[in-house]
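Visitor: Would you mind keeping the following structure in view while I ask a few things?
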Amino acid sequence: MSAPLPIEHAASWYASSANASPERPSLSGEVSCDVCVVGAGFTGISAALHLAEQGLKVMVLEAARVGYGASGRNGGQIVNSYSRDMDVIEERFGAQTARALGDMAFEGNSIIRERIVRYGIDCDLREGNLFAACNTRQMKACASTRHCGSATAIPVSSCWKATPISVKSAPKAM
Ligand SMILES: Cc1cc2nc3c(=O)[nH]c(=O)nc-3n(C[C@H](O)[C@H](O)[C@H](O)COP(=O)(O)OP(=O)(O)OC[C@H]3O[C@@H](n4cnc5c(N)ncnc54)[C@H](O)[C@@H]3O)c2cc1C
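Numbering-wise (numbering that gives the first Met the number 0), the sequence shown opens with residue 0 and increments by one.
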């Protein structure tokens with residue numbers, strides 16, 4: 000097998016604090032497999048693992064390094080949410096779709112936790128989420144658990160009332 004790619008992760012707190020991971024060799028020669036997954040981020044690795052668990056021979060091709068893209072640069076939080084609040088999704092696509100998406104988010108959460116246990120993944124998992132509100136409007140949204148999805152009706156475990164701060168240009172609710 001040839002030497003590992005010289006491509007390094009982008010310099011970040013995440014890269015410098017990451018647990019050690021094995022170097023992967025470049026592909027050489029001809030290989031055959033049942034499924035070839037392109038891209039070793041969360042999506043590709045998760046798909047490859049699902050397929051391998053079904054007994055298929057899977058190869059993952061990555062242009063740089065495992066976790067080189069968004070997966071190696073994100074905040075690492077299992078947030079159970081999308082870039083739009085569930086009520087926005089519900090309004091736009093209907094309750095059924097919103098519920099399906101909400102369920103999918105929570106199913107993904109369970110899959111991550113199950114895999115961490117099953118494969119003994121050394122990923123420093125810490126339990127708990129913090130939803131922070133920067134203004135009164137966001138506080139109201141937090142208090143009514145909208146960020147967790149009215150469609151899924153899954154309650155927030157705790158919601159603390161913070162003193163609203165005054166900001167000229169309030170950030171949009173995530
Ligand atoms: C700054 C930031 C913070 C985030 N924070 C969070 C968070 O806290 N919680 C959360 O749940 N989500 C978060 N996200 C979102 C999350 O990181 C992404 O949704 C997720 O990582 C996407 O994974 P992916 O596998 O689809 O893509 P990527 O991780 O980007 O993987 C794609 C991979 O494919 C490779 N590739 C591309 N083209 C080719 C090719 N032609 N041949 C071979 N390989 C190729 C790339 O090198 C890369 O490694 C964050 C995202 C960002 C950017």
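Here a beta-carbon is modelled for each residue, glycine too, at the ideal position from N, C-alpha and C. These numbers were taken from a predicted model, which means no experiment stands behind them.
1. Measuring alpha carbon to alpha carbon, tell me which of Ser109, Asp84 and Gly71 ends up nearest asparagine 18.
2. How about the stretch 44-64 and the stretch 22-36: do they share at least three Cβ pairs that are nearer than 8 Å?
3. Around the Cβ of arginine 64, are there at least 16 other Cβ atoms within 10 angstroms (buried) or fewer (exposed)?
4. Count the other C-beta atoms from every protein chain shown that fall within 10 angstroms of the C-beta of glycine 28, then say buried if there are 16 or more, exposed otherwise.
5. Beta-carbon distances below 6 Å to any heavy atom of ligand 1 define the shell here; list its residues in chain order, please.
6. If distances are taken between C-alpha atoms only, which option among Ile77, Arg114 and Leu100 comes closest to glutamate 126?
7. How should tyrosine 67 be labelled, buried or exposed, when 16 other C-beta atoms within 10 angstroms of its C-beta is the threshold for buried?
8. What number of angstroms, rounded off, separates the C-alpha of arginine 83 from the C-alpha of serine 109?
Guide: So, to answer that:
1. Gly71
2. Short answer: they touch.
3. Label assigned to arginine 64: buried.
4. The C-beta of glycine 28 has fewer than 16 other C-beta atoms within 10 Å across all chains shown, which makes the residue exposed.
5. Val37, Gly38, Ala39, Gly40, Phe41, Thr42, Gly43, Leu60, Glu61, Ala62, Ala63, Tyr67, Gly68, Ala69, Ser70, Arg72, Asn73, Gly74, Gly75, Gln76 and Val78
6. Ile77
7. buried
8. 21 Å
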